[in-house]
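One structure is given below, encoded as structure tokens.
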Amino acid sequence: MLKDITLGQYFPIDSVLHRLDPRFKIIFTMLFIIMLFAGNSVWTLVLSAVFVLMAQFLSKIPLKMSWRSIRPLLPVLVFTAILNLLLIDSGEVVWEWQFLHIYEGGITTSIFMIARIVLLMVGSSLLTYTTSPILLTDAIEALLSPLKRIRFPVHEMAMMMSIALRFIPTLLEETDKIISAQKARGAALDSGGIRERVRALLPILVPLFVSAFRRAEELATAMECRCYRGGEGRTRLRQLKAGVGDHIGLGVCLVFLGASICVNFLKL
Amino acid sequence: MAILTTEGLTYIYSAGTPFETAAVDHVDLQIGEDLMVGVIGHTGSGKSTLMQHFNGLLQPTEGKVSLEGKDIWADKKMLREVRFRVGLVFQYPEYQLFEETVFQDIAFGPKNMGLSGNEIQRRVLWAADSLGLDRELLGRSPFALSGGQKRRAAIAGVMAMLPKVLILDEPCAGLDPKGRLQMLRQIRDYQKQTKSTVLLVSHSMEDVAEYTEKLLVMDRGRLFCYEDTAAVFRKVEALQEMGLRIPQIASLMLALRQRGCDLPEDIYTVPQAKDALVQLLRKGAVSC
Numbered sequence: 186m187l188k189d190i191t192l193g194q195y196f197p198i199d200s201v202l203h204r205l206d207p208r209f210k211i212i213f214t215m216l217f218i219i220m221l222f223a224g225n226s227v228w229t230l231v232l233s234a235v236f237v238l239m240a241q242f243l244s245k246i247p248l249k250m251s252w253r254s255i256r257p258l259l260p261v262l263v264f265t266a267i268l269n270l271l272l273i274d275s276g277e278v279v280w281e282w283q284f285l286h287i288y289e290g291g292i293t294t295s296i297f298m299i300a301r302i303v304l305l306m307v308g309s310s311l312l313t314y315t316t317s318p319i320l321l322t323d324a325i326e327a328l329l330s331p332l333k334r335i336r337f338p339v340h341e342m343a344m345m346m347s348i349a350l351r352f353i354p355t356l357l358e359e360t361d362k363i364i365s366a367q368k369a370r371g372a373a374l375d376s377g378g379i380r381e382r383v384r385a386l387l388p389i390l391v392p393l394f395v396s397a398f399r400r401a402e403e404l405a406t407a408m409e410c411r412c413y414r415g416g417e418g419r420t421r422l423r424q425l426k427a428g429v430g431d432h433i434g435l436g437v438c439l440v441f442l443g444a445s446i447c448v449n450f451l452k453l
Numbered sequence: 136m137a138i139l140t141t142e143g144l145t146y147i148y149s150a151g152t153p154f155e156t157a158a159v160d161h162v163d164l165q166i167g168e169d170l171m172v173g174v175i176g177h178t179g180s181g182k183s184t185l186m187q188h189f190n191g192l193l194q195p196t197e198g199k200v201s202l203e204g205k206d207i208w209a210d211k212k213m214l215r216e217v218r219f220r221v222g223l224v225f226q227y228p229e230y231q232l233f234e235e236t237v238f239q240d241i242a243f244g245p246k247n248m249g250l251s252g253n254e255i256q257r258r259v260l261w262a263a264d265s266l267g268l269d270r271e272l273l274g275r276s277p278f279a280l281s282g283g284q285k286r287r288a289a290i291a292g293v294m295a296m297l298p299k300v301l302i303l304d305e306p307c308a309g310l311d312p313k314g315r316l317q318m319l320r321q322i323r324d325y326q327k328q329t330k331s332t333v334l335l336v337s338h339s340m341e342d343v344a345e346y347t348e349k350l351l352v353m354d355r356g357r358l359f360c361y362e363d364t365a366a367v368f369r370k371v372e373a374l375q376e377m378g379l380r381i382p383q384i385a386s387l388m389l390a391l392r393q394r395g396c397d398l399p400e401d402i403y404t405v406p407q408a409k410d411a412l413v414q415l416l417r418k419g420a421v422s423c
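Taken in sequence, the protein lines are chains A and B. According to our numbering, the residues represented by the first sequence are 186 to 453, in order. According to our numbering, the residues represented by the second sequence are 136 to 423, in order.
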């Protein structure tokens with residue numbers, strides 16, 4: 186049930202994409218997002234789709250996993266698409282029934298929006314599927330390190346992030362366990378009105394918070410026992426090194442981005 | 136009559152991903168009434184997963200689980216009823232406490248059953264007494280209790296539902312030796328008093344040897360056997376192969392027998408061993 190949430194879940198197999206430098210993968214993702222939203226033509230979408238499919242193929246991540254990252258968004262997607270369909274009144278009327286009118290503009294906007302969000306989800310979840318959370322935060326720290334000059338606590342931020350990421354699966358598992366334990370005592374989690382349902386959450390939230398605080402305290406103690414004192418003078422076990430593949434990847438991304446901006450200017 | 140029956144019960148985790156594993160693999164079981172059953176198996180052998188099928192927390196991928204002859208998944212509306220009749224206490228149950236007072240926490244289950252106020256009161260007090268929880272603790276916040284008391288409060292919360300089958304997953308994990316002994320005795324007394332079936336999941340062979348009549352042995356998702364405790368401990372080699380062992384006192388008895396001591400078989404608890412050794416010494420035949 187809760188295990189279906191795939192945010193930040195690493196999919197541990199070996200592939201070209203898995204082996205790339207995480208710093209580059211973050212940059213690729215950012216370039217991809219710019220590409221996706223830079224243009225307004227169909228060709229932008231086609232290019233982005235080709236890009237995502239290529240990455241998907243290289244990552245060897247089963248399509249089923251990507252479907253999982255879209256599925257929770259489906260209701261929102263459908264809902265906004267319907268709103269767009271009914272509320273946008275540009276272009277010609279395509280269909281009408283009593284007070285409902287659907288215009289050309291509405292149809293194109295809905296299609297663009299759905300395509301963009303689906304591509305965005307699939308593309309960006311490839312980053313988290315192919316990069317372990319630890320590498321991801323290392324990369325974020327490396328990319329943000331220029332901010333250290335203005336005394337921005339980059340290392341502390343990255344540490345907090347990796348701790349948070351590290352504890353997502355733990356807390357999910359814990360939640361699952363607490364839910365099971367309370368269900369075993371007959372807690373009714375899926376019936377009754379809103380007030381009863383909120384009340385029914387208490388037996389889950391209270392133990393969950395208690396245990397989150399307990400874990401936080403234990404972790405802080407453990408870190409202090411090991412004399413943890415932040416990033417100053419700290420070296421790394423794993424140095425991030427960019428290889429040939431990373432530069433090729435960067436080239437490919439830039440070509441796609443360039444192409445996408447070009448088609449936009451040419452108004453194809 | 137069997138109270139819990141499984142037929143070809145199979146459960147597959149994370150189907151369709153690289154993590155796919157059969158946690159429970161074609162298990163056929165018939166567990167009787169009024170019994171103390173020990174559940175043993177190496178870590179990851181599927182004990183806990185199997186237990187969660189008994190009260191319908193997990194739905195089998197394949198196969199059937201029946202309570203008193205009725206398939207528990209036949210009518211999903213009856214699942215809640217099933218959970219009242221098959222009580223499950225998870226490992227480290229103290230982390231599920233949430234109410235303002237211990238009393239209210241123990242009353243959570245009975246209240247969900249829709250019992251009357253008087254009945255709830257009676258059951259809470261009874262469960263607290265059975266586990267040796269001081270009555271004055273009942274008014275306190277569960278978070279103010281000691282670790283052992285929290286554990287007792289949590290177990291009392293399930294016992295107060297008076298289930299026909301009570302499943303306890305490692306109820307003694309992390310308790311000190313005295314607390315452990317007390318807990319096991321209280322569980323046995325509970326079983327005797329209620330004539331229910333108690334399933335005790337444990338890693339301690341000594342505990343299951345002393346307190347259970349039957350043993351359910353799991354090995355890598357399969358049911359290795361479900362037999363009388365004595366019969367299971369006769370399978371020394373098979374147990375060792377799956378990473379289990381026989382109780383220490385049973386190993387000692389076995390070693391003595393192999394050296395030629397005239398000791399009976401099937402001794403696996405300390406009191407039994409004591410009697411046998413005293414008898415042997417009285418006979419004066421100490422040559423081993």
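We put the beta carbon where it would ideally sit given N, CA and C, even for glycine.
With distances taken from CA atoms, which of I138/B, G176/B, V217/B is nearest I381/B?
-> G176/B
Are the stretch 259-270 of chain A and the stretch 286-298 of chain A in contact at 8 Å, needing three or more beta carbon pairs?
-> yes
Best match in A308/B, T332/B, D269/B, K370/B for proximity to E168/B [C-alpha to C-alpha] | Here the closest residue by C-alpha is T332/B.
For R370/A, decide whether its Cβ has a neighbour in chain B, counting only Cβ atoms nearer than 8 Å.
-> yes
Taking only beta-carbon atoms, is D189/A less than 8 Å away from chain B?
-> For D189/A, the predicted structure reports a pLDDT of 48, less than 50, and the residue's modelled location is therefore unreliable. A value from the coordinates is still provided. It does not; no Cβ of chain B falls within 8 Å.
Would you say L230/A faces chain B, with C-beta separation under 8 Å as the test?
-> no
Short check: CB of P195/B to CB of Y148/B, under 8 Å?
-> no
Where does the unbroken alpha helix (DSSP H) through D354/B begin, and where does it stop?
-> No alpha helix (DSSP H) contains D354/B, which is instead part of the beta strand (DSSP E) from 349-354.
Enclosing beta strand (DSSP E) for F359/B [first to last residue] = 357-363
For F233/B, which of E203/B, R275/B, A408/B has the nearest alpha-carbon?
-> The option with the nearest alpha carbon to F233/B is R275/B.
Buried or exposed: where does T315/A fall if 16 or more other Cβ atoms within 10 Å of its Cβ makes it buried?
-> buried
Short check: CB of L205/A to CB of G434/A, under 8 Å?
-> For L205/A and G434/A, yes; Cβs fall inside 8 Å.
What are the boundary residues of the beta strand (DSSP E) that K138/B is part of?
-> According to the sequence as given, residue 138/B is Ile; it is not Lys. Per DSSP, I138/B belongs to the beta strand (DSSP E) from 137-148.
Going by beta carbon distance, what residues of the same chain come within less than 8 Å of L139/B, once the five residues before and after it are set aside?
-> L164, Q165, I166, F189, V200, S201, L202, V221, V300, T332
Please check if any C-beta of chain A sits within less than 8 Å of the C-beta of F238/B.
-> no
Burial state of V440/A (16 or more Cβ within 10 Å) | The residue in question, V440/A, is exposed, as its Cβ has fewer than 16 Cβ neighbours within 10 Å.
Of all the residues that make up the stretch 393-415 of chain A, which are near chain B by a beta-carbon distance shorter than 8 Å?
-> V395, S396
Mind pulling the chain A residues with CB within less than 8 Å of V293/B?
-> Simply A369, R370.
Residues of its chain near V237/A, where Cβ-Cβ distance is below 7 Å and the 5 sequence neighbours each way are ignored | L304, V307, G308
Figure out for me which residue from G204/B, V159/B, A150/B, F154/B has the closest Cα to the Cα of G136/B.
-> According to the sequence provided, residue 136/B is Met. The question's Gly does not apply to it. Ranking the options by Cα distance to M136/B, first place goes to G204/B.
Compute the beta-carbon to beta-carbon distance between V367/B and L350/B, rounded to the nearest angstrom, for a pair I have assumed lies under 8 Å.
-> Confirmed, Cβ separation roughly 4 Å.
Any beta-carbon of chain B closer than 8 Å to the one on A366/A?
-> Chain B contact via Cβ: present.
Start and end residues, beta strand (DSSP E) containing I267/A = First-last for I267/A: 259-272, but that is the alpha helix (DSSP H), not the beta strand (DSSP E).
Check each candidate in I212/A, P338/A, G276/A, S396/A and name the one with the smallest Cα separation from T360/A.
-> S396/A
State the start and end residues of the unbroken alpha helix (DSSP H) segment that holds D431/A.
-> 429-451
Taking Cβ to Cβ, would you say A223/A is nearer than 8 Å to S445/A?
-> Taking 8 Å as the cut-off, the beta carbon of A223/A is found closer than this to the beta carbon of S445/A.
Own chain, CB closer than 7 Å to D189/A, minus 5 neighbours either side, in chain order = Because the pLDDT at D189/A is just 48, under 50, the model does not fix this residue reliably, and the value given afterwards should be weighed accordingly. Result list for D189/A: R253, in chain order.
Bounding residues of the alpha helix (DSSP H) (the contiguous stretch that carries E402/A) | 379-410
Let me know if Q269/B comes out buried or exposed under the rule of 16 or more other beta-carbons within 10 Å of its beta-carbon.
-> The sequence given here has Asp at residue 269/B, not Gln. Per the 10 Å Cβ criterion, exposed.
Compare the C-beta of Q231/B against all C-beta atoms of chain A and say whether one is closer than 8 Å.
-> At least one chain A Cβ lies under 8 Å of Q231/B.
Check whether the stretch 225-245 of chain B touches the stretch 284-292 of chain B, taking contact to mean three or more Cβ pairs, one atom from each stretch, closer than 8 Å.
-> yes
Of all the CB atoms in chain B, is at least one closer than 8 Å to the CB of V307/A?
-> no
Closer than 6 Å by C-beta to L185/B: which residues in its own chain qualify, once you throw out the five before and the five after it? Chain order, please.
-> V159
To the nearest angstrom, report how far apart N449/A and Q367/A are at their CA atoms.
-> If I take the Cα positions, the gap works out to 56 Å.
In this structure, what does DSSP give as the bridge partners for L320/A?
-> According to DSSP, which records beta bridges pairwise, L320/A is partnered with nothing at all.
Sheet register partners of M171/B (DSSP bridge) | Answer by DSSP bridge pairing, in chain order: V333/B.
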